[in-house]
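Let me begin by presenting the structure, written as structure tokens, before commenting on it.
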Amino acid sequence: MRISVIGCGYLGAVHAATLAAMGHEVVGIDVDPGKVQHLAQGVAPFHEPGLDELLQDGHATGRLTFATNPEAARDAQVHFLCVGTPQDKTSDRADLTFLISALETLLPHLAAGAVVVGKSTVPVGTVDMLRGILAPRPDVLLGWNPEFLRQGTAVKDSLVPDRLVYGVEGGRPAAFNAATGAPLGVAAALDAVYEPLLAAGIPRLVCSFATAELIKSAANAYLATKISFINAVAGLCDAAGADVTELSEAMGLDPRIGSRYLHAGLGFGGGCLPKDIRSFSAQAATLGVPAVQDWMRLVDGVNLGQRERTVSLATELCGGSLAGRAITVLGASFKPDTDDIRDSPALDVADRLAAVGAHVTVTDPKAVNLAWRRYPRLRFEASIGKALQGAELVLLLTEWDEYRQLCPAVAGQQVRRRVVLDARNVLDAAAWQEEGWAVRGLGTPAGVLKAAAAAR
Ligand code: UDX
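Residue numbers for the sequence shown follow numbering that gives the first Met the number 0, so the first one is 0 and each next one is one higher.
Structure below.
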């Protein structure tokens, strides 16, 4: 099929490349000429494992092209809207400006009978609003196909998704021929797009627009809830002298609960979960469902509380004052395997430490070049060895493999004081203690804290 993908960020670039890998002829369109130039040369403008290879394959087959001019979309049968829906600057709501402008820009270039499908995360009711923009073109069909990919595993998540969701006008009953069961309209078009995935047995759910919009918001709200739940319990473990890592392992073995998103630590960040739970809360307020609004506020509050807790533990580990202390932060991206620093808990904590007078050096395998401009109070160092030199406290804030596998003996030779706050609870505390390190985690036993106190 001939397909256009509007918006080539973390979502659109991966979507365009995976559609080309499935055999379609794809044009990715973005307003940023720099991004388009990179993508056209088969180079991802951000770090995403496996994406460069996929872009190069698409380039080599000639099936994947990129452009800034929306006219390049004119021959496409299906157009995917993949632009960002960030948090509004003055409220908890999602800002739909980019989405609206993408559709308006596309409108004059839509061929007769084209299908427009949104993938961005949007508040419920958005598709109804977009239908108004498409009103002058009754021949064009609109669908919603939310995306669930995670940064860092986006290529795999797109090639082997857990499920496909199609939101269509009239919902499931309208999507299939009553007599034959054959898919119609948007459902038929999306079945053709995703034919290789459906053939591989990926489940596909067809529903109304409102349900499709809410499925994505509710899924992210649930993941955030799970993380904040275990982080709240980590506080309880700290107070009671229990170990949250053992507790979550035991809880996760119950298949009704599961171990994923049950890892206690510094909490969630990034361009999705934080803004999506706030948007979900704002939607609940508009729709008069205070339980969801209160719930999301609590989840958000617990999550942000983990950052405060990390700053206060760091202060405690520095003997009560951070002024003038040399602190090394391992990790700047919001999670490993991405260079995305949007709402990064690591950088937030690092900046707070610097705000009260600590001399903070941050290292990261991929994000240093993006982060240094935005955080003038922090010093950035690409080499982990150099970053550790002279540290009085080491904070592990993003659990890249490099940091999980760090040798405590080698690291010990570089620092001034062997004290580490493992805010992601990933280090082998015993191995580090054997090398004379005082180790502290979030929600791990108080005995470890005693060792840390002794090291001061
Ligand atoms: C998320 C959703 O997972 C994805 O389905 C959606 O499409 C976009 O939002 P992403 O933002 O890439 O994806 O991040 P994810 O891998 O879900 O992690 C989110 C945050 O939670 C990270 O900051 C991570 O460090 C944190 N996290 C995750 C925990 O603190 N504990 C956990 O157990 C799991």
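Glycine is no exception: its CB is placed at the ideal position from the N, C-alpha and C atoms.
This structure is a prediction, so every number in the text was calculated from the model and none was measured.
Asked: With H, G and I counted as helix, E and B as strand and the rest as coil, what does DSSP make of Pro107?; Found: helix
Asked: Straight-line CA distance for Gly446 to Val310?; Found: Residue placement at Gly446 cannot be trusted, given a pLDDT of 46 that sits under 50; what the coordinates show is reported in the next sentence. Distance between the alpha carbons of Gly446 and Val310 is about 20 Å.
Asked: With a CB to CB cut of under 8 Å and the five nearest residues on each side skipped, what residues in its chain are close to Gly6?; Found: Ile28, Asp29, Leu80, Cys81, Val82, Gly83, Phe97, Ala101, Ser119
Asked: Taking its Cβ as the centre, do 16 or more other Cβ atoms sit within 10 Å of Arg415, making it buried, or is it exposed?; Found: exposed
Asked: How should Leu63 be labelled, buried or exposed, when 16 other C-beta atoms within 10 angstroms of its C-beta is the threshold for buried?; Found: buried
Asked: My parser needs the alpha helix (DSSP H) runs of 4 or more residues fully inside the stretch 372-396; what are they?; Found: 383-387
Asked: Run the CB neighbour count on Gln412, radius 10 Å, all protein chains shown included, and call it buried at 16 or more, exposed below.; Found: exposed
Asked: Express the C-alpha separation of Ile256 and Ala453 in angstroms, rounding to a whole number.; Found: Only weak support is given to the placement of Ala453: the predicted model assigns it a pLDDT of 42, under 50, and the question is left unresolved by the model.
Asked: Assuming Cys206 is part of the beta strand (DSSP E), what are its boundary residues?; Found: 203-206
Asked: So, Gly270 versus Arg171, is the Cβ gap smaller than 8 Å?; Found: no
Asked: Taking only the alpha-carbon atoms, compute the straight-line gap between Ala19 and Ala113 and give it to the nearest angstrom.; Found: 19 Å
Asked: Is Ile479 near the ligand UDX, going by C-beta to nearest heavy atom under 7 Å?; Found: The first residue shown for the chain is 0 and the last is 455, placing residue 479 beyond what the model contains.
Asked: Can you find the residues in the same chain that come closer than 6 Å, C-beta to C-beta, to Glu398, ignoring five residues on each side of it along the sequence?; Found: Pro335, Arg423, Val425
Asked: Excluding the 5 residues preceding and the 5 following Trp431 in the sequence, name in chain order all residues of the same chain whose CB lies nearer than 7 Å to its CB.; Found: Pro407, Val419, Val438
Asked: If you follow the beta strand (DSSP E) that Tyr165 is in, where does it begin and where does it stop?; Found: 163-167
Asked: With C-beta atoms as the reference, is Val115 less than 8 Å away from Ala66?; Found: no
Asked: For the stretch 268-340, which segments carrying the beta strand (DSSP E) assignment without a break, of at least 3 residues, lie completely within its bounds, in sequence order?; Found: 325-329
Asked: By DSSP, does Leu441 sit in helix, in strand, or in coil?; Found: coil
Asked: Measuring only from the beta carbon, is Gln150 closer than 7 Å to any heavy atom that is part of the ligand UDX?; Found: yes
Asked: Please specify which runs of the alpha helix (DSSP H), each continuous and at least 4 residues long, are wholly inside the stretch 115-192, giving them in chain order.; Found: 125-132, 153-158, 170-174, 184-192
Asked: Whole angstroms are fine: how far does the CA of Glu212 sit from the CA of Gly471?; Found: Any answer about residue 471 is impossible in this case: the structure gives the chain only from 0 up to 455.
Asked: Rounded C-beta distance between Phe267 and Ala218? I'm assuming under 8 Å.; Found: No, Phe267 and Ala218 are not in contact; Cβ-Cβ is about 14 Å, not under 8 Å.
Asked: For Tyr165, verify whether its CB is less than 7 Å away from any heavy atom of the ligand UDX.; Found: no
Asked: With DSSP as the reference, identify every bridge partner of Ala93, one or two as the case may be.; Found: Gln86
Asked: Candidates Pro107, Gly41, Gly49, Leu95: which alpha carbon is nearest Ala71's?; Found: Pro107
Asked: How big is the Cα-Cα spacing for His23 and Val192?; Found: 8 Å
Asked: Provide the residue span of the alpha helix (DSSP H) that contains Ala370, from first to last.; Found: 367-370
Asked: For Val25, name the three-state secondary structure that DSSP assigns.; Found: strand
Asked: By Cβ distance, which residues of its chain are closer than 8 Å to Ala450, with the 5 residues on each side in sequence left out?; Found: A caution first: Ala450 carries a pLDDT of 46, below 50, which makes its placement in the model unreliable, though a value can still be read off. Here the set comprises Gln432, Ala437, Val438.
Asked: For Thr360, does the three-state DSSP call read helix, strand or coil?; Found: strand
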